[in-house]
Amino acid sequence: MSSICMDPAAGPQNSRSALDHVVRIHDPDGENIRRYMELTGLPFGTLCLESGLLTGEFTGSECALVPSDVLEMMSAGESPLVVPHLESGRLFYSARLSGCRDGARCAAGSIALDQPGPPSSDANQYDLLRRLLALAEAEVERVRNDPSQELDDLAEQLNTAYEEISLIQGILRDLHVALDPVELVHLCVNRLHRVIRAEGCAVLIDSSRHASGLALAGEVNLDEPQFRRMLRRMNAAEHNWRQPMVRNHLEETGVSAGCPHVRNLVVAAIVEDREPAGWIFAVNSSDRDEFGTVEASLINSIALILCTHLSNLKLFSEQEDLLLAFVRSLVSTLDAKDSYTRGHSERVARVARRLARQMGLSLREQEAIHLSSLLHDIGKIGVEDAILGKPHKLTPAEFRKLQLHPVIGYDILSGLSNLEHIIPGVRHHHENFDGTGYPDGLSGEDIPLMARIIAVADGYDAMGSDRPYRDGMPLQQVESILADGAGTQWDPDVIAAFMAARHEIATLWRDSPDRE
1 MSSICMDPAA GPQNSRSALD HVVRIHDPDG ENIRRYMELT GLPFGTLCLE SGLLTGEFTG
61 SECALVPSDV LEMMSAGESP LVVPHLESGR LFYSARLSGC RDGARCAAGS IALDQPGPPS
121 SDANQYDLLR RLLALAEAEV ERVRNDPSQE LDDLAEQLNT AYEEISLIQG ILRDLHVALD
181 PVELVHLCVN RLHRVIRAEG CAVLIDSSRH ASGLALAGEV NLDEPQFRRM LRRMNAAEHN
241 WRQPMVRNHL EETGVSAGCP HVRNLVVAAI VEDREPAGWI FAVNSSDRDE FGTVEASLIN
301 SIALILCTHL SNLKLFSEQE DLLLAFVRSL VSTLDAKDSY TRGHSERVAR VARRLARQMG
361 LSLREQEAIH LSSLLHDIGK IGVEDAILGK PHKLTPAEFR KLQLHPVIGY DILSGLSNLE
421 HIIPGVRHHH ENFDGTGYPD GLSGEDIPLM ARIIAVADGY DAMGSDRPYR DGMPLQQVES
481 ILADGAGTQW DPDVIAAFMA ARHEIATLWR DSPDRE
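No gaps in the numbering here: position 341 of the sequence shown is 341 in our numbering, and each next residue is one more.
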């Protein structure tokens, strides 16, 4: 499934074949079509249910063909209709044409499907769009029968439906970047308050499942214990949370005892594993005495989005843990093969992650660099034991064989889709900034940043650690060599970050549990 993209400028696309020329046709239903466009903000045209031709001003009076399977559904008579069509990447919709007695035509249009989103959230969007079309359909018919009636009430309903769609779409867009539950909760509560007619909104997260906390927006003079007391008084534990809870005239009950300013509430649960993991509240209707189904539906939609995203985060975290365990098992295999460098990858990973943080990279980028560092030498599994364990300096021929390990590592990991994002660090951590490195002779910023960071961390640990043929260098000497190699062997920006954090890095390196 996908989320809908409100793009009024976009016209319908023909999934079978686009017409080769522009056909200009007089639209006898133009007034109704324009009214649908004004009421919904969506592109509309006139659809001939026999031929499948869709014409209208929103495409510059061009014709387009509606996909045959969509046309068949629209011809069945249900109205309004919303049909996602994944093959063409469009969301088609139709509504009744007032005054078209033979049923041969209808008002129709399409908008682009956006990025994939949670299925339950898509269903809510489609339901909101159907509601919007039903209101517009009723208004078009009403104007035809009684053109003098005021439009204010219906216009307000249409505006509310449109705001709901915009709110949900905006939150879904941010799901791709707001991976942190606390960040997403604050985003939801602030956007919800801008749309819903309530004095304030709140989201309360259960500490037993996620980082606990209370996020507030608007005028909400309540703390977490007060919200929890009201939930107990409303028998929240016994409520069927498939539906939100609406409570009006609380001043006449004991629910808001101790909180006399709370007149009414809407509460929806964020359900995980069939149990509430948190709640969303709207507090005190701001434009009338009671909350109703509109506010309840909107809050429930946001609760479903949060529920889906929090569940996805839990699965993602479990997958990350499994992946890290798999990576550490590979590293253990390498350590068993090359006992003299045992712990090298772990130390490089610690230093590289600290460098990434010093350079202002995101948490996701820091995690990727840490993982890539753990596996940067995994290709040594394919190098002869005699070369890895040789107690003397390698011959040129032996060194050439050792130089194959970045490519061997790349070949080992390239078939693992979950590790694709870390492969650049494995293949390119021996590239030099001036282009004299291996295996591909890359230079400057053509070398992936991940690899440039790992190269500095790798050099730091390699020079500072004991080897079969030499003792480790003093860290002051290591730092001097790194500084001298800025711009030739190493990226000067990474070296600058290293120098800025060198004292903390030295402590981090010395305290590594794998150093004897």
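Yeah, the Cβ is synthetic: ideal placement off N, Cα and C, and Gly gets one too.
- The DSSP-derived three-state label of Ala462 is helix.
- Given a length threshold of 4 residues, each whole run of the alpha helix (DSSP H) inside the segment 397–454 is given here in chain order: 405–413, 423–428.
- Of the candidates Tyr438, Arg467, Asp466, Ser79, the residue whose Cα lies closest to the Cα of Ala455 is Tyr438.
- If you draw a 10 Å sphere on the C-beta of His344, you find 16 or more other C-beta atoms in it, and that means buried.
- Per DSSP, reduced to three states, the secondary structure at Trp509 is helical.
- Residue Val383 holds the alpha-carbon nearest to the alpha-carbon of Glu398 among Leu416, Val407, Val383, Ile412.
- Per DSSP, Gly218 is not a residue of any alpha helix (DSSP H); the beta strand (DSSP E) it occupies stretches across 213–218.
- In the three-state reduction of the DSSP assignment, Met245 falls in the strand class, which pools E and B.
- In the structure shown, Asn240 falls within a coil segment according to DSSP collapsed to helix, strand and coil.
- C-alpha of Asp493 to C-alpha of Asn300: approximately 49 angstroms in a straight line.
- Secondary structure of Thr40 (DSSP, three-state): helix.
- Contact between the segment 303–313 and the segment 259–266 is absent: fewer than three C-beta pairs spanning the two stretches fall below 8 angstroms.
- Arg347 is positioned such that its CB atom lies closer than 9 angstroms to that of Ser465.
- Met230 and Glu224 have their C-alpha atoms some 10 angstroms from each other.
- Remark: C-beta atoms of Leu250 and Arg228 do not approach each other more closely than 9 angstroms.
- Non-local C-beta neighbours of Leu475 in its own chain, meaning closer than 7 angstroms and more than five positions away in sequence, comprise Gly464, Ala506, ordered along the chain.
- For Ile111, the uninterrupted beta strand (DSSP E) segment begins and ends at 105–112.
- Here the segment 423–431 makes contact with the segment 369–384; the two share three or more CB pairs at distances below 8 angstroms.
- A buried status is given to Asn264, since no fewer than 16 other beta-carbon atoms sit within 10 Å of its beta-carbon.
- Membership of Glu72 in the alpha helix (DSSP H) is indicated by the continuous run 68–75.
- When DSSP states are grouped into helix, strand and coil, Asn145 belongs to the helix group.
- Per DSSP, Arg229 is one residue of the alpha helix (DSSP H) stretching across 224–233.
- Thr55 sits in a strand when the DSSP states are folded into three classes.
- Pro474 carries a coil assignment under DSSP once its states are collapsed to helix, strand and coil.
- Out of Asp206, Leu184, Ala217, the CA that lies nearest to the CA of His193 is found in Ala217.
- Burial is judged here by how many other beta carbons sit within 10 angstroms of a residue's own beta carbon; Lys393 has fewer than 16 and is exposed.
- Annotation for Ser286: Arg197, Ala198, Glu199 place their beta carbon closer than 8 angstroms to its own, counting only its chain and skipping 5 residues before and after.
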